[in-house]
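There are 2 protein chains.
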Amino acid sequence: MADKVTIADVARAAGVSRQTVSNALNAPGVVREETRRRVLDVVEELGYRVNQAARQMRTGRSRLIAIRIDPDQDGVSGSVHDRFLHGLTEAAAKAGYRVLLYTADGDAAEIAAFEDLLGAHEPDAFVLASTHHGDRRISWLLDNDLRFVTFGRPWSDLPNARHPWVDVDGAAGTAAATRHLLAAGHRRIGFVGWPPGSGVGDDRQAGWATTLASAGIAAAGLIRVATDGVATGEAAARDLLTANPDVTALVCASDSLALGARAAGPVAVTGFDDTPVARVVGLTSVHQPLAEAAASCVALLERILAGDPSARTHMLLTPSLIVRQSA
Amino acid sequence: MADKVTIADVARAAGVSRQTVSNALNAPGVVREETRRRVLDVVEELGYRVNQAARQMRTGRSRLIAIRIDPDQDGVSGSVHDRFLHGLTEAAAKAGYRVLLYTADGDAAEIAAFEDLLGAHEPDAFVLASTHHGDRRISWLLDNDLRFVTFGRPWSDLPNARHPWVDVDGAAGTAAATRHLLAAGHRRIGFVGWPPGSGVGDDRQAGWATTLASAGIAAAGLIRVATDGVATGEAAARDLLTANPDVTALVCASDSLALGARAAGPVAVTGFDDTPVARVVGLTSVHQPLAEAAASCVALLERILAGDPSARTHMLLTPSLIVRQSA
DNA sequence: AAGCATGATTTGATCGTTCAAATATGAGAT
DNA sequence: ATCTCATATTTGAACGATCAAATCATGCTT
Numbered sequence: 019m020a021d022k023v024t025i026a027d028v029a030r031a032a033g034v035s036r037q038t039v040s041n042a043l044n045a046p047g048v049v050r051e052e053t054r055r056r057v058l059d060v061v062e063e064l065g066y067r068v069n070q071a072a073r074q075m076r077t078g079r080s081r082l083i084a085i086r087i088d089p090d091q092d093g094v095s096g097s098v099h100d101r102f103l104h105g106l107t108e109a110a111a112k113a114g115y116r117v118l119l120y121t122a123d124g125d126a127a128e129i130a131a132f133e134d135l136l137g138a139h140e141p142d143a144f145v146l147a148s149t150h151h152g153d154r155r156i157s158w159l160l161d162n163d164l165r166f167v168t169f170g171r172p173w174s175d176l177p178n179a180r181h182p183w184v185d186v187d188g189a190a191g192t193a194a195a196t197r198h199l200l201a202a203g204h205r206r207i208g209f210v211g212w213p214p215g216s217g218v219g220d221d222r223q224a225g226w227a228t229t230l231a232s233a234g235i236a237a238a239g240l241i242r243v244a245t246d247g248v249a250t251g252e253a254a255a256r257d258l259l260t261a262n263p264d265v266t267a268l269v270c271a272s273d274s275l276a277l278g279a280r281a282a283g284p285v286a287v288t289g290f291d292d293t294p295v296a297r298v299v300g301l302t303s304v305h306q307p308l309a310e311a312a313a314s315c316v317a318l319l320e321r322i323l324a325g326d327p328s329a330r331t332h333m334l335l336t337p338s339l340i341v342r343q344s345a
Numbered sequence: 019m020a021d022k023v024t025i026a027d028v029a030r031a032a033g034v035s036r037q038t039v040s041n042a043l044n045a046p047g048v049v050r051e052e053t054r055r056r057v058l059d060v061v062e063e064l065g066y067r068v069n070q071a072a073r074q075m076r077t078g079r080s081r082l083i084a085i086r087i088d089p090d091q092d093g094v095s096g097s098v099h100d101r102f103l104h105g106l107t108e109a110a111a112k113a114g115y116r117v118l119l120y121t122a123d124g125d126a127a128e129i130a131a132f133e134d135l136l137g138a139h140e141p142d143a144f145v146l147a148s149t150h151h152g153d154r155r156i157s158w159l160l161d162n163d164l165r166f167v168t169f170g171r172p173w174s175d176l177p178n179a180r181h182p183w184v185d186v187d188g189a190a191g192t193a194a195a196t197r198h199l200l201a202a203g204h205r206r207i208g209f210v211g212w213p214p215g216s217g218v219g220d221d222r223q224a225g226w227a228t229t230l231a232s233a234g235i236a237a238a239g240l241i242r243v244a245t246d247g248v249a250t251g252e253a254a255a256r257d258l259l260t261a262n263p264d265v266t267a268l269v270c271a272s273d274s275l276a277l278g279a280r281a282a283g284p285v286a287v288t289g290f291d292d293t294p295v296a297r298v299v300g301l302t303s304v305h306q307p308l309a310e311a312a313a314s315c316v317a318l319l320e321r322i323l324a325g326d327p328s329a330r331t332h333m334l335l336t337p338s339l340i341v342r343q344s345a
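Here the protein sequences line up with chains A and B, keeping their order. The end of the first sequence is residue 345 by our numbering, with every number in the run present. The end of the second sequence is residue 345 by our numbering, with every number in the run present.
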């Protein structure tokens with residue numbers, strides 16, 4: 019850490035004005051090529067780095083992206099968010115942004131956090147990582163004309179697509195799992211998921227259902243739902259298998275449920291999220307491309323922050339099936 | 019987000035000067051109680067929030083704490099860092115700080131990241147979360163007179179304790195595990211750990227060794243080491259059990275190793291880190307108080323940033339044993 | 001009642017950058 | 001040689017806060 023090189027130091031050393039240095043760095047076109055090179059050399063030589071605080075005060079841009087970090091609730095899939103976070107930090111850095119963390123318990127608290135952050139550090143954008151029905155955060159951000167991307171589709175009844183989002187196609191994931199089971203010869207394939215109402219869960223169930231339907235295979239009565247967890251998954255799967263002894267395979271909405279299902283009987287099982295646990299116990303699971311999802315979020319944000327109006331876009335990424343012993 | 023309330027707006031509305039508002043907020047003692055209350059009321063009413071960028075420009079303080087985020091390498095213990103990060107964000111928020119993320123691959127890259135960050139967003143402090151032997155980052159930070167705390171003791175040959183750190187007492191953890199096994203009647207207790215040289219690993223091994231020694235039980239030949247992983251753990255444990263058929267319990271340096279060890283034979287097994295995997299498969303494991311560790315880091319940083327010279331301190335926290343089916 | 005210390009509040013300057021407007025430079029046209 | 005027009009560069013102001021020093025009150029001492 020040198021003794022704080024300012025733009026004035028660079029200007030003096032290069033024999034130009036402050037503004038020319040600024041232009042050489044930020045508006046390359048406006049400065050004569052020769053001058054630009056000279057300035058950049060001096061910048062390099064003195065190790066000049068723009069002072070964000072000063073820039074932010076003038077431009078109103080902080081080059082900060084804020085995202086919430088949660089305690090790993092269910093534990094098993096905790097690392098999903100972790101992987102996303104890492105991808106986001108890397109992608110953001112490449113685009114010249116940094117990631118700022120905050121915590122909040124519930125929508126109201128998160129909105130308070132928005133206000134807090136906007137008053138203080140003024141992040142240029144937010145990334146919302148777990149959208150849900152009737153998400154009040156989204157309407158708040160829209161109402162306040164703020165920039166953000168959600169990782170997760172707008173599940174709610176809100177005016178569709180009024181904001182940019184990135185998501186992983188859960189249905190495609192369970193569809194791939196189901197196809198895999200079909201290819202392995204299974205015909206009676208059940209589904210263990212979450213109670214209806216969660217967009218993510220319904221989506222994953224749909225992938226299983228439509229795949230069976232298009233294969234001309236009946237699926238009536240082959241669904242059980244439970245709140246996420248290993249024990250609950252086992253109970254649900256046991257119930258399903260007892261009622262349908264001919265079922266030979268189970269597609270599950272999460273690795274936790276899948277782990278439970280696996281203990282419920284000698285059937286093929288697939289999970290979702292490709293968590294470390296799945297890797298360790300050899301569970302076939304759907305892998306989300308989180309690094310790409312994060313990169314897409316940043317790409318979308320870049321366009322939005324650049325003021326590109328055509329940027330109100332969506333991206334739906336396709337997950338991949340990681341086949342292991344369990345199926 | 020109102021239309022940006024500045025300190026001047028508050029001053030006008032409260033009938034005082036800018037500086038008095040500033041003092042009311044930052045130096046409560048210097049302003050008359052009555053005035054202070056009036057100012058704070060107006061602050062509340064207008065929803066004033068200090069603009070960090072402006073403050074930072076003047077004071078040089080950003081109220082930002084930077085920490086690296088890694089891809090979850092080994093996967094199993096990935097969530098450990100995640101939990102720490104969450105704790106850090108919460109503790110930091112309580113102290114009026116925000117957490118800024120960065121990535122870096124290797125010490126040199128991380129030092130470059132330090133320079134980058136210091137030139138731009140100027141974090142007030144760094145938290146280094148995985149210290150290792152001959153950690154060049156630490157000497158760089160010390161040389162440059164920067165504020166930081168490490169989560170992890172200085173294992174190296176560096177002048178001891180020249181910087182504040184927080185750590186969890188790994189030896190105490192394995193000691194607790196060993197005592198638990200002794201209490202359960204086990205007498206021949208092996209250890210599956212990592213190759214010597216890693217401070218963390220050596221520490222965990224020491225806890226096992228000293229506990230057995232003080233119980234007057236021989237431990238010669240009961241150690242096997244392997245790089246972290248389930249398969250490697252299984253192989254190491256199998257080798258140990260084959261050579262010592264009388265061994266009835268194994269203390270392991272990680273949950274990954276423990277999972278492997280469990281598959282190696284019908285013995286009692288304890289792991290380390292209390293990862294989600296351990297929870298799911300019923301593995302007895304040593305739980306690190308990560309939220310407290312994070313809070314301690316922030317507490318230390320607060321004192322350091324306040325300029326308290328007596329703050330060059332250490333904190334060694336004690337982990338707890340979570341007993342499950344495996345032992 | 002004048003002098004003084006102490007406390008409370010205000011004033012001007014400043015942090016480092018970029019915006020907006022002003023000025024300088026140079027090539028081409030007349 | 002003068003004027004235009006475009007390009008290149010410089011100058012002052014401003015962003016919003018805090019620091020340092022100055023000013024204003026107030027009570028106490030002698």
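Here a beta-carbon is modelled for each residue, glycine too, at the ideal position from N, C-alpha and C.
Remark: C-beta atoms of valine 23 of chain B and glycine 78 of chain B do not approach each other more closely than 8 Å. For serine 338 of chain B, the uninterrupted beta strand (DSSP E) segment begins and ends at 338–340.
When the Cα atoms are used, valine 167 of chain A and arginine 321 of chain A turn out to be separated by approximately 11 Å.
Within the same chain, and ignoring the five residues on either side of tryptophan 226 of chain B in sequence, the residues whose Cβ sits closer than 6 Å to its Cβ are Thr192, Thr196, Phe209 and Val269. Threonine 336 of chain B counts as exposed, since fewer than 16 other C-beta atoms from the protein chains shown sit within 10 angstroms of its C-beta.
Taking 8 Å as the Cβ-Cβ cut-off, the region 269–301 of chain B approaches chain A at Ser274, Leu277, Thr293, Pro294, Val295, Arg297, Val298 and Val299, given in chain order.
Here the region 262–277 of chain A lies against the region 205–219 of chain A, with 3 or more beta-carbon pairs under 8 Å apart.
Considering only B:Ala110, B:His204, B:Arg297 and B:His181, the residue with the shortest C-alpha distance to arginine 330 of chain B is B:His181. Contact of arginine 116 of chain A with chain B is assigned, a C-beta pair being separated by under 8 Å. Beta bridge pairing from DSSP links isoleucine 241 of chain B with B:Phe209. When the Cα atoms are used, phenylalanine 290 of chain A and glycine 217 of chain A turn out to be separated by approximately 15 Å. In the three-state DSSP reduction, arginine 101 of chain B falls in the helix class (H, G or I). Rounded to the nearest whole angstrom, the CA to CA distance from cysteine 315 of chain A to arginine 116 of chain B is 22 Å. Shown here, tryptophan 173 of chain B sits in coil according to DSSP, grouped into three states, outside any helix or strand. Rounded to whole angstroms, aspartate 100 of chain B and asparagine 41 of chain A show a C-alpha spacing of 41 Å.
When the beta-carbon positions are compared, arginine 342 of chain A and leucine 308 of chain A stay at least 8 Å from each other. Leaving aside the five residues that flank leucine 318 of chain A on each side, the residues in its chain whose CB is nearer than 6 Å to its CB run, in chain order, Val167 and Pro182. By a beta-carbon distance limit of 8 Å, histidine 104 of chain B contacts proline 89 of chain A. Their separation comes to about 5 Å. Ranked by Cα distance from leucine 323 of chain A, the first of A:Arg81, A:Val28 and A:Arg30 is A:Arg81.
Exposed is the label assigned to glutamine 37 of chain A, since fewer than 16 other Cβ atoms lie within 10 Å of its Cβ. The beta carbon of proline 89 of chain A sits closer than 8 Å to some beta carbon of chain B. Closer than 8 Å to the CB of serine 97 of chain A there is at least one CB belonging to chain B. Glutamate 252 of chain A has a beta carbon lying at 8 Å or more from every beta carbon in chain B. When rounded, the separation of the alpha-carbon atoms in aspartate 142 of chain A and glycine 114 of chain A is 12 Å. Using a CB distance below 7 Å, the part of the region 220–249 of chain A facing chain B consists of Val248, ordered along the chain. Your pair glycine 170 of chain B and aspartate 221 of chain B does not check out as a contact, with CB atoms roughly 10 Å apart and the cut at 8 Å. With a cutoff of 8 Å on beta-carbon distance, glycine 239 of chain A and leucine 275 of chain A are scored as not near each other. About 14 Å separates the CB atoms of alanine 194 of chain A and leucine 334 of chain A; that is not less than 8 Å, and the two are not in contact.
In summary, alanine 29 of chain A is buried, with 16 or more beta-carbon neighbours lying within 10 Å of its beta-carbon over all protein chains present.
Sequence-distant partners of alanine 312 of chain A (beyond 5 residues in either direction) whose C-beta falls short of 7 Å from its own C-beta, in its chain, are Phe102, Gly105, Leu106 and Ala109. If you check the CB distance, alanine 131 of chain A and glutamine 74 of chain B do not come in under 8 Å. Within the same chain, and ignoring the five residues on either side of alanine 233 of chain A in sequence, the residues whose Cβ sits closer than 7 Å to its Cβ are Leu200. Against glutamine 70 of chain A, the close residues of chain B are Ala71, Gln74, Ser80, Gly137, Ala138, His139 and Glu140, in the order they occur along the chain (beta-carbon pairs closer than 9 Å).
Positions of the alpha helix (DSSP H) runs, each at least 4 residues long and wholly inside the region 39–118 of chain A, are given as 51–64, 70–77 and 96–112 in order along the chain. Within its own chain, the residues whose Cβ lies closer than 7 Å to the Cβ of valine 60 of chain B, once the five positions on either side in sequence are excluded, are Val28, Ala31 and Ala32, listed in chain order.
Beta-bridge partners of threonine 168 of chain A (DSSP): A:Leu146 and A:Trp183.
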